[in-house]
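Line by line, the protein sequences give chains A and B. Numbering of the first sequence is given in our numbering, commencing with residue 150 and proceeding in unit increments. Numbering of the second sequence is given in our numbering, commencing with residue 33 and proceeding in unit increments. We put the beta carbon where it would ideally sit given N, CA and C, even for glycine. Here the structure is laid out as structure tokens; the discussion comes afterwards.
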Amino acid sequence: MSSTALSADPETQLPALHRAPVFTFARMFNAAGWLILGLLVYFLIIPAVRFGNWSPFGALSTWQFLWVGLQVTLFVAVFSVVISTIVGFVLALGRLSNNKLISRLSAGYIELMRALPSYLIIFYVFIVFPKIGIKLPSPWFAIIGLSLYTSAVMAEIFRAGILSVEKGQLEAAYALGLKPFDTVINIILPQALRRMVPSIVSQLITLVKDTSLASIIALQELTAAGRQLYEYYGQTAGKPIVLETLFVIASIYFVICYILALISNRLEIKG
Amino acid sequence: MILLAEANAAAPAVSDYFGSAIVEYLPYFLRGMLMTINISFWAAIVSFAIGLVVAVLRVTPSGGLKVVATAFTEFFRNTPLYVQVLVFYFGLPKLGIQLKFSFFGIEVGDSFSAGTLALGLYTGAYVAEAIRSGLLAIPRGQGEAARSLGLSVLQTLRLVVLPQAIRLVLPPLGNLYSAMLKNSALLSSIGVMDLMFQADFVNNRTFKTFEVFTSVVFFYLMLTLPMGWFVHWLEKKYNPLRAKTLRLQGARI
């Protein structure tokens with residue numbers, strides 16, 4: 150800059166005594182941020198693409214193998230969602246019921262399941278149920294285990310949603326002569342549902358992720374398929390593909406969960 | 033699948049009455065509980081540090097760091113914890129990164145450090161989201177006033193904005209950490225000798241499946257219920273009016 154502090158600004162004709170500093174904290178911080186991003190891309194992503202053994206993922210059979218696993222994951226997730234939504238709704242109504250016994254029982258179940266790790270519940274179903282004589286295909290054990298946990302969380306979401314509707318709505322419905330069941334279905338739920346959607350969808354995301362827990366025990370789903378894939382390639386000759394496979398698996402989960410999260414955000418803005 | 037540890041080799045003989053497995057193997061369960069608490073503690077420290085940094089980076093005007101921080105949270109929140117555990121336990125050694133090290137003379141096994149890292153980063157992404165929502169809830173004027181009073185950027189964050197934001201999100205943070213304690217159960221799959229691992233071990237020893245896993249339910253309740261009461265107390269103390277909605281958000285993890 151050739152202009153001195155005493156030269157006049159061409160537009161305002163006023164002496165420019167103070168010029169804003171070029172190297173501010175914010176600019177340097179911003180530059181450092183882009184530098185770090187560049188370094189990450191240069192030292193992590195480019196080597197991963199160049200030196201990773203991606204050739205198994207060019208074959209159709211690999212994707213067919215993963216697709217079989219993904220089908221089980223989706224099957225378990227969809228059935229668990231349906232079952233736990235229905236059971237959760239019943240439990241929520243039970244907890245809000247005026248009958249002390251029903252209310253206590255539902256509350257006890259909800260608090261018990263929410264306090265336990267979902268892995269323990271799935272483990273329990275897989276290990277203990279066959280011992281006491283219940284025999285089912287393993288996806289159904291996973292569905293039962295996941296539903297036991299998710300229904301309790303869903304019940305809490307439904308309960309909080311129902312309680313968030315103003316009391317006047319309920320009183321007005323009763324005053325108009327609606328029965329309790331009709332009141333809940335026609336008056337309370339439509340209002341509560343809108344507020345519950347974000348929580349329900351984030352629980353859905355948790356559920357999709359939790360299906361991978363069942364693979365630790367016995368279920369042949371996406372994560373198990375991936376594990377078998379890299380173990381198989383590790384035994385046969387060739388470069389190991391552990392990280393590559395895990396990256397692919399993680400990406401598949403990511404796409405499913407991220408789409409759900411985007412839907413949730415959209416509904417949240419609308420509602 | 034779940035490895036038997038050599039450390040558990042000298043196990044007591046089992047006599048046969050209902051609950052005998054629990055009584056005779058009680059030290060194993062207690063050791064498992066201590067390990068669950070231990071790994072949760074370290075993962076909590078990792079996750080809070082990560083969460084704090086990432087949350088601040090996500091609200092700063094730095095473009096590059098924002099991209100990095102957002103990618104971090106979105107990746108760790110939208111992939112299963114188990115896949116992340118596999119990445120840290122089986123994947124990193126393939127890159128030549130050794131997770132076995134000695135810390136002040138204490139040997140830290142690779143399953144412990146991989147588990148702590150995976151659990152810490154996974155929870156850290158959620159912690160970052162919670163703290164970020166707290167930061168966004170603080171009025172802009174607070175930061176601007178602090179800056180105009182002559183505080184530096186870091187001082188503004190440390191003394192004015194962050195204390196308010198964290199106070200605001202304490203109840204959801206409590207929920208996250210009680211969820212993290214529960215999530216630590218799956219680290220038994222890579223050989224962290226926590227409560228779940230010991231339960232599987234005792235089950236393989238005694239074949240008293242029903243007794244063992246039902247008692248493990250109670251052991252976990254002994255850990256998670258006090259945590260839940262603590263979170264409830266936090267909600268009541270800091271945000272009695274919003275306690276209901278925060279409970280809703282607590283179902284996130």
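Taking 7 Å as the Cβ-Cβ cut-off, the segment 218-231 of chain B approaches chain A at L218, S221, M228, given in chain order. Along the segment 171-195 of chain A, the positions whose C-beta sits under 9 Å from a C-beta of chain B are F174, A175, F178, N179, A180, A181, G182, W183, L184, I185, L186, G187, L189, read in chain order. A contact is defined here as three or more CB-CB pairs under 8 Å, and the segment 64-75 of chain B meets this definition with respect to the segment 215-224 of chain B.
Around G123 of chain B, the beta-carbon contacts reaching into chain A at under 8 Å are V391, L392, L395. In the displayed model, V140 of chain B falls within a strand according to three-state DSSP.
By the Cβ criterion, the segment 194-208 of chain A is not in contact with the segment 330-342 of chain A, since fewer than three pairs of Cβ atoms, one from each stretch, lie closer than 8 Å.
Listed in chain order, the positions of the segment 71-98 of chain B with a beta carbon within less than 9 Å of a beta carbon of chain A are L89, T92, P93, S94, G95, G96, L97, K98.
Only those residues of the segment 252-264 of chain A whose C-beta falls short of 7 Å from the nearest C-beta of chain B are listed: A264. One finds E106, N110 in chain B with Cβ atoms closer than 8 Å to the Cβ of Y407 of chain A, taken in chain order.
When rounded, the separation of the alpha-carbon atoms in F242 of chain B and P347 of chain A is 38 Å. Ranking A:S364, A:Q352, A:V190 by CA distance to the CA of S233 of chain A puts A:Q352 first. Closer than 8 Å to the CB of K126 of chain B there is at least one CB belonging to chain A. Taking one beta carbon from each stretch, the segment 162-171 of chain B and the segment 194-205 of chain B have 3 or more pairs nearer than 8 Å; the two touch. By the beta-carbon neighbour count (other beta carbons within 10 angstroms, threshold 16), T360 of chain A is buried. Secondary structure at F172 of chain A: coil, using DSSP grouped into helix, strand and coil. When DSSP states are grouped into helix, strand and coil, S348 of chain A belongs to the helix group. DSSP lists B:E139 as the beta-bridge partner residues of S134 of chain B. Of all residues in the segment 276-291 of chain A, those with a C-beta nearer than 8 Å to a C-beta of chain B are I276, V277, K280, I281, reading in chain order. Boundaries of the alpha helix (DSSP H) around V236 of chain A: 209-245.
By the Cβ neighbour-count rule, D48 of chain B is exposed, with fewer than 16 other Cβ atoms within 10 Å of its own. Here DSSP, grouped into helix, strand and coil, assigns I170 of chain B to coil. Taken in chain order, the unbroken stretches of alpha helix (DSSP H) that lie wholly in the segment 353-410 of chain A and span 4 residues or more are 371-384. At least 8 Å separates the CB of N207 of chain B from every CB of chain A. Excluding five sequence positions before and after S267 of chain A, the CB atoms of its chain that fall closer than 6 Å to its own CB belong to Y298, D359, given in chain order. Counting every other CB atom within 10 Å of its CB across the protein chains shown gives N335 of chain A a total below 16, marking it as exposed. If you draw a straight line from the Cα of A53 of chain B to the Cα of I405 of chain A, it comes to about 43 Å. Inter-residue distance for V249 of chain B and N236 of chain B is about 17 Å (C-alpha atoms, whole angstroms). In the assembly as shown, E320 of chain A is an exposed residue. Its beta-carbon has fewer than 16 other beta-carbons within 10 Å. Here the segment 115-128 of chain B makes no contact with the segment 93-106 of chain B; the two share fewer than three CB pairs at distances below 8 Å. In this structure, S252 of chain A lies near R244 of chain A, with their beta-carbon atoms less than 8 Å apart. For N215 of chain B, the chain A residues whose C-beta falls within less than 9 Å of its own C-beta are P266, S267, Y268, listed in chain order. Taking C-alpha positions only, Y270 of chain B is separated from S255 of chain A by approximately 28 Å.
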